[in-house]
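Here the protein sequences come in this chain order: A and B. End of the first sequence = 379 in my numbering, gap-free, step of one. End of the second sequence = 1201 in my numbering, gap-free, step of one. One structure is given below, encoded as structure tokens.
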Amino acid sequence: MSRGPAGEGETPADVSREQLVRAYADGEDWAVKRIEAGGSEPGGGEAATGEAAAGAVSLSEAERSRVAFERGLREAVGRAMSAAGGAEARAEVSGGAGAGARAGGSGDAEPVRAPDDLRAAVVAAMAQADVSGPGSLASDATDASERMVAGSEETDGAGVPLALAGSEAESKRLAIGSVGGVMRRRLGSLAALAAVLALCAGLVFMSMSRADGPWDATRVQRVSQFITAEHDRVDDLSAAYSSKFGEACSVAVARERAAAELGASPEWFAERVDALLGRDYELMGASRCNVPGGPSVHLLFKPTGGERSGAPVSVFIQAPTEAGMEAGTCWECPAAKAADAPLHVWRTNGYLIYVHANEAESLAAAREAFGAPTRLRTF
Amino acid sequence: MEYGGGGAGPVRSGGVERSEFENLALEQMDAVYRMALQLARHPDEASDLVQETYLKAIRSADRFEERGKGMRAWLFTILHNTFYSRVKREGRGPTAVPELFDAESRERGPGDEGRAWDLVSIDWEQVDGRLKAAIGELRPEHREVLLLWGVEGLKYREIGEITGVPIGTVMSRLHRARKILAESLEEFRSEVGWQGASGAE
């Protein structure tokens, strides 16, 4: 490698004319300078043999066609690779489970976006790191064998660059829908959650040694992180809420959605929703949700503002599973007590019911309305 | 966002505040997921890769230096290393990517590459489906470079920094990938009876 003639970035030391033309088509500064210096007159192709090393180059008509083709190809590649239906469609062809659900059409497919549950998991991990401090997650599998496979970039053992020179990445032409505003609101509401998760991590570790809960520590942590993050994402009724729920709905509509997601609506569904509405809560929406473990429906309630001034409360109902949890006991995430943001789960008629709120009063109201067992244990 | 600092001022990650670091990182999640999907070719594995990438980023946050515009490239680099480390660990493929640069540095004449580039009047939207299929057949290292070039619009130098290879290798991989796509378009032209510039109707 050597410095380019204008000193702008590295350029290959000895590029062929073909490479130069392609680099020009790609807008590489060093190639653009050389070709623009050669003027725009066609016909320079034959005479230009050896010009690559000498400096200025002018393009022939054929090379101009080539440049147009390369630029068109780049645009087309950009469309093909950024649209849903590309990699996912391929995954579906190769038998990937669930891949087809997110595969779109061809030409006018929506850009690929990260799934909501992935986003929620990352947000939860960030919240946990915030209270635990830098390096708090360092123990989760920094494998000494995990080295950079190819490359000259200096990295640590986990493949994280030690330093990276300024990139032009963020200024490039790709228009990615900004999630910053939503994320800021989401992260802002995670202040309490952060404390919850930090304590949860420690106590879950302790519970592993007891090994008398119905679920292992990994499952408890996954479910806890997902539900608390998902609740905090929508409980301020901001854009994320609108995106997920649309708007408040009737009990009948909620029941239909539950039936669609769970296979059938539980017999007790309307009765228990009504019971919470009777405690001065309003049903703000019902939506499908991917709680780890199986298909679920997420119900969001908020106090009507009358006699009650508590926080919104989420109720997640999960389709019947073989989850290893017996009916008759309500289980609490260990984080709940200290942070006053409890997560409770119990089994009713095969369904799992998760209740979470950022304060105890709303949790108690939902527990009561949805018939939580009085026997309470901690995972 | 004001959390994280408590009463002792904002937590800092490298050159930026922790909250700013998180916002910058989250804003890139779609792009990171897109690249993960191109590497892994399966949504579940892509999600795993992204999670691992962000976990590594979070715990190395104090090492990140913004320098104006580097978050996306930084995350891409972590993702790249994570993916190839997995490939190596799981023995799913070659641990060392074959470098084509030496073999390809003596390029053939333009006529040897087919005449797809002669299709000046090509309707690109018509060939999107064919391109997707051809992209799916590429090797991961070629697909990766193609994505960074075609979707992210990066310069060769930036692609080299992310993938940890010299610019010449970036050019070589890009050339190989484009050549395969051009050949696919050539086939498509034959199938549909397209005319090139010289033979335009």
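Just so it is clear, CB atoms sit at the ideal spot from N, CA and C, and this is done for glycine as well.
Asked: To the nearest angstrom, how far is it from the Cα of residue 1155/B to the Cα of residue 1149/B?; Found: 7 Å
Asked: Whose Cβ in chain A lies nearer than 7 Å to the Cβ of residue 1034/B?; Found: 82, 112
Asked: Could you name the residues of the same chain whose beta carbon sits closer than 6 Å to that of residue 1056/B, not counting the 5 residues immediately before and after it, in chain order?; Found: 1078
Asked: If we ignore side chains and look at the alpha-carbon of each, how far apart do residue 59/A and residue 1088/B end up?; Found: 44 Å
Asked: Any C-beta of chain B sitting closer than 9 Å to the C-beta of residue 118/A?; Found: yes
Asked: I'd like to confirm the pairing. Which residues does DSSP put opposite residue 378/A in its beta bridges?; Found: 332/A
Asked: Inspect the beta-carbon positions of residue 1140/B and residue 115/A and report whether they are closer than 9 Å.; Found: no
Asked: Would you report the Cα separation of residue 1160/B and residue 1144/B, rounded to the nearest angstrom?; Found: 11 Å
Asked: Between which two residues does the alpha helix (DSSP H) holding residue 1038/B run?; Found: 1029-1040
Asked: What's the gap between the Cα of residue 296/A and the Cα of residue 303/A?; Found: 23 Å
Asked: Short of 7 Å in beta carbon distance, which residues of its chain neighbour residue 1072/B, apart from the five on each side in sequence? Order them along the chain.; Found: 1028, 1031
Asked: Going by beta-carbon coordinates alone, are residue 15/A and residue 25/A separated by less than 9 Å?; Found: no
Asked: Are the C-beta atoms of residue 28/A and some chain B residue less than 9 Å apart?; Found: yes
Asked: Taking the C-alpha atoms as reference points, what is the distance between residue 1090/B and residue 81/A?; Found: 26 Å
Asked: Flag residue 68/A as yes when its Cβ comes closer than 8 Å to any non-hydrogen atom of the ligand HEM, and as no otherwise.; Found: The ligand HEM is not among the ligands present in this structure, which contains no ligands whatsoever.
Asked: Can you give me the Cβ contacts of residue 310/A inside the same chain, cut-off strictly under 8 Å, excluding the 5 residues immediately before and after it?; Found: 303, 357, 359, 361, 362, 365
Asked: Does the pairing of the segment 238-252 of chain A with the segment 321-330 of chain A give three or more beta-carbon distances under 8 Å?; Found: no
Asked: In this structure, how does DSSP classify residue 15/A when only helix, strand and coil are distinguished?; Found: coil
Asked: Taking C-beta pairs closer than 8 Å, name the residues in chain A that residue 1142/B reaches, listed in chain order.; Found: Per Cβ cutoff of 8 Å: no residues; residue 1142/B is ~11 Å from chain A at best.
Asked: Which value, in whole angstroms, describes the spacing of the CA atoms of residue 332/A and residue 224/A?; Found: 10 Å
Asked: Return helix, strand or coil for residue 303/A, following the three-state DSSP convention.; Found: strand
Asked: Let me confirm a value: residue 121/A is counted as buried when at least 16 other C-beta atoms fall within 10 Å, else exposed. Which label applies?; Found: buried
Asked: Since residue 1053/B and residue 1026/B are thought to touch, with beta carbons under 8 Å apart, how far apart are those beta carbons, to the nearest angstrom?; Found: Residue 1053/B to residue 1026/B, Cβ: 12 Å. No contact.
Asked: Do you know how far the Cα of residue 266/A is from the Cα of residue 351/A?; Found: 8 Å
Asked: Just the chain B side, please: which residues come within less than 7 Å of residue 79/A by C-beta, in chain order?; Found: 1128
Asked: Taking the alpha carbon of residue 1084/B as the point to measure from, which residue in 1178/B, 1164/B, 1186/B, 1184/B has its own alpha carbon closest?; Found: 1164/B
Asked: Under 8 Å Cβ to Cβ from residue 368/A, same chain only, skipping five residues before and after it: list those, please.; Found: 275, 279
Asked: Buried or exposed for residue 1081/B, going by 16 or more other Cβ atoms inside 10 Å?; Found: buried
Asked: What separation, rounded to the nearest whole angstrom, lies between the Cα atoms of residue 123/A and residue 1047/B?; Found: 14 Å
Asked: Residue 228/A and residue 376/A look like a contact to me (Cβ under 8 Å); what is the Cβ gap, rounded to whole Å?; Found: With a Cβ gap of about 18 Å, residue 228/A and residue 376/A do not count as contacting.
Asked: Are the Cβ atoms of residue 270/A and residue 252/A separated by less than 9 Å?; Found: yes
Asked: Please report how far the alpha carbon of residue 290/A lies from the alpha carbon of residue 117/A, in whole angstroms.; Found: 7 Å
Asked: What are the boundary residues of the alpha helix (DSSP H) that includes residue 316/A?; Found: Residue 316/A -> not in any alpha helix (DSSP H); beta strand (DSSP E) instead, spanning 313-318.
Asked: What whole-angstrom Cβ distance do residue 245/A and residue 285/A have, given they're in contact under 8 Å?; Found: 3 Å
Asked: Considering only the alpha carbon of each residue, which of 30/A, 73/A, 20/A lies closest to residue 63/A?; Found: 20/A
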